[in-house]
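Participant: Numbering (our numbering), first residue to last: 515 to 1075. Virtual Cβ for every residue (Gly too), placed ideally from N, Cα, C. If you're wondering where the values come from, they're calculated on a predicted model, not measured in any experiment.
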Amino acid sequence: MNNRLRKITIVGGGTAGWMTALIMETEFSRTSAPKDRPRICLIESPNIATVGVGEATVPHMPRTIRKAGITERDFFRETNASFKLGVKFCNWNKDARGNRIDYVNPFAHGQILEGLEAAEYFLRFGNGDRDFTQSVAPHDDLGRLCKGARELGQPEFEQRFGYAYHLDAVKFAGMLSRVCTRRGVEHIQDEVQSVELDEQGNVSHLMLERKGRHDVEMVVDCTGFRGLIINQALGEPFLDYSDYLPNDRAMALQIEHPDPEKIESVTRSTALGAGWTWRVPLYNRVGTGYVYSSAHRTDDQAADEYLEWLGDSGKGATPRVIPMRIGRVRNAWVKNCVAVGLSGGFIEPLESTAIHMIEHAVRWFTEHLPTREIEPALRSRYNRQMNRLYDEVLDFICLHYRLGNRTDDQYWIDARTEMKIPDRLAENLELWQYRLPMDHDIGFATLFDFRVYQTVLLGKQVYDTGYGPGIRDRLRPVKKPIWFHYTKGAKAHLAQILKTMPDHKTLLRDIRGELEQPAYARVAAMKPTVPMPGEAPEPVKIQNMPNHAEIRSGAKDLQLF
Ligand SMILES: Cc1cc2nc3c(=O)[nH]c(=O)nc-3n(C[C@H](O)[C@H](O)[C@H](O)COP(=O)(O)OP(=O)(O)OC[C@H]3O[C@@H](n4cnc5c(N)ncnc54)[C@H](O)[C@@H]3O)c2cc1C
């Protein structure tokens, strides 16, 4: 008789719990017969609400949805989703003249021109009044003009431009719950009252309020910030990140679209007095929130600031306050329990990374699936991998604060000067004063590779405002005509793209089946813009400049971005 796991119990029915169920079910059923795979059972308290936020994603999500056999039509209809082409950072930095900078961190990056990164040319020569993102990708323009992520009639999941989704968190969990239970996941609506451990310290069973004893072989703790099993029962220490990140509270409000026909296809992150606000436009409403530091604002002060920012949209509303536990458990997998989602840790939502981390956590767990022996080698490699993922995200979030240059509130000064940064980032920031980020600078990147760092450095215009003085004189020599031809071609193509791309609302209506003359196509031929873990990244194409005939004929259209 083999010793394979026969059952996996998930506790928690928020995004983490249901994503865990979905990804496990998808992975197991793809490769194994029902009798050989563990049953999945999800226990969810009917009395404890989910966190109810977490509505912006990154480009892994379309791939996960597709892999799970969910159509984009169903997904968009059921979650009121919209497209997200990137994050627009507003007012995080001031330019050399003291004016506010707004820039987009897009799901795209500059290409290689004659063997060199577009970023190097941009830093050397600039591009008139267009910033770096606007010079290498259409995402900022598409977002500003409330355009969609692909043309009408292009097949589902087709990534003409890199995209992710905005979605309604509560509806998303509801959709996943329906999909999973249809596919055989057992759903128990009951509350875990206590957790029993055996002599080795493994979780042996859970006591449920109504159903009584529930035996456990392997349990996934998705109970949110309370960490019912990983922290409370198993006592795994929580590593607090408050030395690195200032924000520990958030408040949220859902508002109506000021103009329902205009749906921006980017998430906005706008710096306020003691933190930043998010603006996530869905099909039918806009999710907003203020992430702030309790050391710099009381809840009342933060609410005043937030409501003022919302203007008429927030009139008479009372925002919901959400305390945030920032950091991670020392190890996500302890004994026979793995913590996924907020129970495992949370780094503030500036780059919408939490759902991305959930996806990796579950996928990596299925790759390290133990038997009932719960092999320590699998556990320790998994934990090492998860901790590296936290390091990756922590570094990148810290970057935004450390390279801010606002002085109008003590918060921004403290965020820049009082907060610690990880040694890895400190070393890179020393280096990048002399050259731009390069491939080998970032040891581990599921999402934030060196090009994303280039985008933030150039987006914040740090090389014009005191960081890396004289860097342009140090850069290796590059030929101006290469850049000149590129930008000229890119401009022509951008004009063409903007002409042909539909507005976002129309595209969403088409996908949802609400257009009188539908163009919707179902064939899925998705090329993910971000490689999945374990997959070799797409080889970088070294591309020569398109000539004018190619530009005019449109033959080089897509490759430009
Ligand atoms: C302010 C804020 C903004 C965010 N924005 C983003 C974003 O833009 N993008 C992103 O990717 N992520 C974001 N996140 C993170 C994201 O919201 C979470 O990662 C995601 O919702 C997963 O939450 P969860 O399922 O771990 O926890 P929860 O949603 O809190 O769910 C916990 C579940 O556990 C159950 N439970 C608890 N105790 C028991 C018990 N005793 N018995 C049975 N069941 C129990 C509850 O009923 C609930 O179902 C944000 C988070 C915050 C705080």
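Where are the beta strand (DSSP E) runs, 3 residues long or more, that stay fully inside the region 815-895, in chain order?
Facilitator: Segments of the beta strand (DSSP E) lying fully in the region 815-895: 834-837, 841-843 and 851-853.
Participant: Taking all protein chains shown into account, do 16 or more other C-beta atoms lie within 10 angstroms of the C-beta of Asp953, making it buried, or fewer, making it exposed?
Facilitator: Result: exposed.
Participant: Taking 8 Å as the limit between beta carbons, can you name the residues of its chain near Gln746, skipping five residues before and five after?
Facilitator: Val709 and Arg740, listed in sequence order.
Participant: Give the straight-line distance between the Cα atoms of Ser823 and Pro772, rounded to the nearest whole angstrom.
Facilitator: Note on residue identity: the sequence assigns Trp, not Ser, to residue 823. Looking at the two C-alpha atoms, the distance is approximately 14 Å.
Participant: Cutting at 8 Å between CB atoms, please list the residues of its own chain near Leu722, excluding the five before and the five after it.
Facilitator: The residues are Ile557, Ile702, Asp704, Glu705, Val706, Gln707 and His728.
Participant: Tell me which same chain residues have a C-beta within less than 8 Å of the C-beta of Asp813, skipping the five on either side of it?
Facilitator: The answer, listed in chain order, is Arg763, Met765 and Val835.
Participant: Tell me which residues share the same chain as Pro1032 and place their Cβ nearer than 8 Å to its Cβ, disregarding the 5 neighbours each side in the sequence.
Facilitator: Once the five neighbours on either side are set aside, the close Cβ partners of Pro1032 are Asp1024.
Participant: Relative to the C-alpha of Thr880, which candidate in Met533, His999 and Val525 has its C-alpha closest?
Facilitator: Nearest of Met533, His999 and Val525 to Thr880, Cα basis: Met533.
Participant: Quick one: using the 10 Å Cβ neighbour count with 16 as the cut-off for buried, is His810 buried or exposed?
Facilitator: Buried, since its Cβ has 16 or more Cβ neighbours within 10 Å.
Participant: Tell me the DSSP bridge mates of Ser783?
Facilitator: Note: Ser783 sits in a beta bridge opposite Phe603 and Trp792.
Participant: Quick one: Cα of Phe752 to Cα of Asp905, how far?
Facilitator: Going from the Cα of Phe752 to the Cα of Asp905 covers about 15 Å.
Participant: Any heavy atom of ligand 1 inside 7 Å of the beta-carbon of Val706?
Facilitator: Checking the Cβ of Val706 against ligand 1 gives yes.
Participant: Are any of the Cβ atoms in chain B nearer than 8 Å to that of Gly642?
Facilitator: Among the chains of the structure shown, chain B does not appear; only one protein chain is present.
Participant: Taking 6 Å as the limit between beta carbons, can you name the residues of its chain near His623, skipping five residues before and five after?
Facilitator: Taken in chain order, the residues that qualify are Arg965.
Participant: Can you tell me which of the three DSSP states Ala595 falls into?
Facilitator: Reduced to three states, the DSSP call for Ala595 is coil.
Participant: Could you tell me if the beta carbon of Glu558 falls within a distance shorter than 7 Å of some heavy atom in ligand 1?
Facilitator: Within the cutoff, so yes.
Participant: Output needed for Leu657: all residues of its chain with C-beta closer than 8 Å, excluding positions within five of it in sequence on either side, in chain order.
Facilitator: Per the sequence shown, residue 657 should be read as Gly rather than Leu. Hits under 8 Å: Leu599, Gly600, Lys602, Val618, Glu778, Ser779 and Val780.
Participant: Alpha carbon to alpha carbon, what distance is there between Glu770 and Asn798?
Facilitator: Rounded to the nearest angstrom, the two C-alpha atoms are 8 Å apart.
Participant: Nearest-angstrom Cα distance between Arg551 and Trp946?
Facilitator: Cα-Cα distance, rounded: 49 Å.
Participant: So if DSSP puts Ile537 in a beta bridge, which residue, or which two residues, is it bridged to?
Facilitator: Its beta-bridge partners do not exist; DSSP assigns none.
Participant: Is Asn745 helix, strand or coil by DSSP?
Facilitator: Residue state, collapsed to three classes: helix.
Participant: Could you tell me the alpha carbon to alpha carbon distance between Pro1051 and Thr1001, rounded to whole angstroms?
Facilitator: Any reading at Pro1051 must be qualified, since the residue scores a pLDDT of 42, below 50, and its modelled position is unreliable; no value is offered.
Participant: Can you tell me which residues form a DSSP beta bridge with Phe752?
Facilitator: For Phe752, which the question treats as bridged, DSSP gives the partners Val843.
Participant: Verify the contact flag: Leu856, CB atom, against every heavy atom of ligand 1, threshold strictly below 7 Å.
Facilitator: At least one heavy atom of ligand 1 is nearer than 7 Å to the Cβ of Leu856, so yes.
Participant: Could you check what DSSP says for Thr578 in three-state terms: helix, strand or coil?
Facilitator: DSSP places Thr578 in helix when its eight states are reduced to three.
Participant: What residue range is occupied by the uninterrupted beta strand (DSSP E) comprising Leu711?
Facilitator: From DSSP, the beta strand (DSSP E) with Leu711 extends over Val706 to Leu711.
Participant: Which two residues bound the contiguous alpha helix (DSSP H) that contains Cys736?
Facilitator: Premise fails: Cys736 is in no alpha helix (DSSP H) and is neither H nor E.
Participant: Is Leu1012 buried or exposed, if buried means 16 or more other CB atoms sit within 10 Å of its CB?
Facilitator: When all chains shown are included, Leu1012 counts as exposed.
Participant: Take Ala929 and list the residues in its own chain whose beta-carbon comes closer than 6 Å to its own, dropping the five residues that flank it on each side.
Facilitator: Excluding residues within five positions, the ones whose Cβ falls inside 6 Å are Pro760 and Tyr915.
Participant: Tell me, to the nearest whole angstrom, how far the beta carbon of His874 is from that of Tyr896; I am working on the premise that it is less than 8 Å.
Facilitator: Going by Cβ atoms, the distance from His874 to Tyr896 rounds to 11 Å, so no, they are not a contact pair.
Participant: Excluding the five sequence neighbours on either side, which residues of its own chain have a C-beta within less than 7 Å of the C-beta of Pro597, listed in chain order?
Facilitator: Here residue 597 is Phe; the residue named in the question, Pro, does not match the sequence. Within the same chain, Phe597 has close Cβ partners Gly662, Ala663, Tyr677, Tyr679, Ser779 and His1018.
Participant: Please classify Leu913 as buried or exposed, where buried requires at least 16 neighbouring CB atoms within 10 angstroms.
Facilitator: Leu913 should be labelled buried.
Participant: Is there at least one non-hydrogen atom of ligand 1 closer than 7 Å to the beta-carbon of Pro863?
Facilitator: Yes, the beta carbon of Pro863 sits closer than 7 Å to at least one heavy atom of ligand 1.
Participant: Tell me whether His1018 sits in a helix, a strand or coil according to DSSP, three-state version.
Facilitator: Note: His1018 maps to helix in three-state DSSP.
Participant: Mapping DSSP to helix, strand and coil, what is Leu627?
Facilitator: Strand.
Participant: Ligand 1 heavy atoms versus the CB of Arg793: any closer than 7 Å?
Facilitator: For ligand 1, not one heavy atom lies less than 7 Å from the Cβ of Arg793.
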